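In the working numbering, the protein residues as written are 4 to 461.
Structure (structure tokens):
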């Protein structure tokens with residue numbers, strides 16, 4: 004989740020809508036043996052999480068090594084903007100009083116000596132400054148803290164608005180590998196057969212080993228109607244899968260409802276700006292349906308606005324109940340977000356089951372955790388993603404922005420969401436074969452539990 008900078012903070016999950024691809028004209032799939040990749044990805048599964056990054060389809064600009072200051076700097080780079088940037092009072096008054104001489108020497112050496120291998124285009128001073136800032140931000144080692152140059156900053160705003168062009172899936176970094184968190188429903192990514200946990204080993208024949216998430220996003224995203232080739236390793240496979248998918252314009256859905264065996268099923272796909280209104284409409288539909296129990300499906304929901312999660316929780320929890328704790332590092336400062344006790348006539352589900360999986364992140368984990376810990380709901384499915392940090396999005400004068408991790412989320416009982424996510428009360432796995440065959444053992448288990456049948460955890 005993240006916050007907008009300024010007096011009014013708006014939280015939103017860093018969910019990757021890693022652009023989706025529409026399969027216009029079909030999808031080509033073949034399997035190509037690659038023993039080196041297979042062994043590498045199998046061995047990596049033994050490692051613990053080294054870092055998880057839900058990337059929105061931002062794509063921070065390419066890092067450019069360079070910038071320097073010293074008597075050798077060329078006159079054409081001695082602009083007022085450059086010197087004002089590096090003579091910031093906050094820097095010059097710092098106790099370290101850093102020496103930027105070497106920095107400017109490298110800047111000048113690059114200007115004098117660098118020859119591009121495949122291009123004659125030159126970088127502007129602005130490009131190099133942005134590259135330097137990006138490198139500085141990267142030294143903090145936090146995948147959620149990033150600098151967004153103007154173009155990427157605008158793309159970020161476009162993506163979270165709910166419409167973008169791509170292939171339609173959330174991606175992240177797990178065990179240092181570009182990994183599918185969840186394909187969005189009714190998108191080319193889903194139709195291509197991509198599932199949560201798939202590892203993207205190559206994009207357009209370029210290896211993703213060591214690739215930053217923004218670089219991967221940049222390569223996958225593209226104009227509607229164009230193709231992207233993905234090499235996929237799936238756990239248990241002995242060969243790499245090759246998929247070619249056609250990009251399309253993606254509209255992110257919010258809510259879908261249906262009745263299954265007299266149980267009302269509400270699927271919430273995103274905590275976007277429309278989520279509360281759409282959920283309220285769905286709850287009215289629930290009341291009118293005459294159903295007595297509900298399944299709230301948060302699988303594959305990467306999150307969204309914190310306000311939406313708190314507002315939706317308020318329909319299920321009494322006024323004043325804690326929905327989530329926002330914990331700041333300094334002095335153990337903590338802010339509590341409480342239920343507003345929103346009422347809807349006759350909305351009193353007898354049984355409530357929340358479905359979760361590895362694609363449930365951020366705001367989804369906040370809502371699921373609050374409903375579980377207050378004894379309102381039973382969680383069924385698989386462990387959630389574990390995205391529990393707060394980012395503040397701060398716009399900068401030139402149209403760029405910086406996203407900084409400023410806090411972390413804790414459940415009402417103090418459980419850190421980032422520490423492995425939420426575990427279900429009843430673990431039920433949905434396999435790739437189940438998806439292909441349109442079988443849903445998790446939803447079936449939820450219905451059986453509501454009906455009073457015994458459901459064993461795996």
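C-beta atoms are modelled at their ideal positions from N, C-alpha and C, and glycine is treated no differently.
If you're wondering where the values come from, they're calculated on a predicted model, not measured in any experiment.
- With a contact defined as Cβ atoms closer than 8 angstroms, residue 316 and residue 370 qualify at about 5 angstroms.
- Partner residues in the beta bridge of residue 234, as assigned by DSSP, are 205, 245.
- Within the stretch 260-344, the complete alpha helix (DSSP H) segments of 4 residues or longer fall at 278-292, 309-316, listed in chain order.
- Ranking 382, 434, 440, 422 by CA distance to the CA of residue 239 puts 434 first.
- Between the stretch 305-323 and the stretch 336-346 there are three or more C-beta pairs closer than 8 angstroms, enough to call the two in contact.
- Here residue 448 is buried, its C-beta having at least 16 other C-beta atoms within 10 Å.
- In the three-state reduction of the DSSP assignment, residue 170 falls in the coil class, being assigned neither a helical nor a strand state.
- Here residue 363 is near residue 301, since their CB atoms are less than 7 angstroms apart.
- For the 7 angstroms CB-CB criterion, residue 202 and residue 222 do not form a contact.
- Sixteen is the threshold: since fewer than 16 other Cβ atoms of the shown chains lie within 10 Å of the Cβ of residue 334, the residue is exposed.
- For residue 230, the CB contacts under 6 angstroms within the same chain, skipping 5 residues up- and downstream, are 247, 249 in chain order.
- DSSP places residue 348 in the coil class of the three-state scheme, outside both helix and strand.
- Residue range 104-116 is occupied by the alpha helix (DSSP H) that includes residue 104, with no beta strand (DSSP E) assigned at that position.
- The C-beta of residue 266 has 16 or more other C-beta atoms within 10 Å across all chains shown, which makes the residue buried.
- As the crow flies, the alpha-carbon of residue 173 is around 7 angstroms from that of residue 305.
- Beta-bridge pairing by DSSP links residue 176 to 181.
- Across the set 255, 378, 147, 105, the C-alpha of 147 shows the shortest separation from the C-alpha of residue 217.
- In the three-state scheme derived from DSSP, where H, G and I count as helix and E and B as strand, residue 413 is classed as strand.
- Apart from the 5 residues on each side of it in sequence, residue 256 sits with its Cβ closer than 8 angstroms to the Cβ of 187, 188, 189, 272, 273 in its chain, given in chain order.
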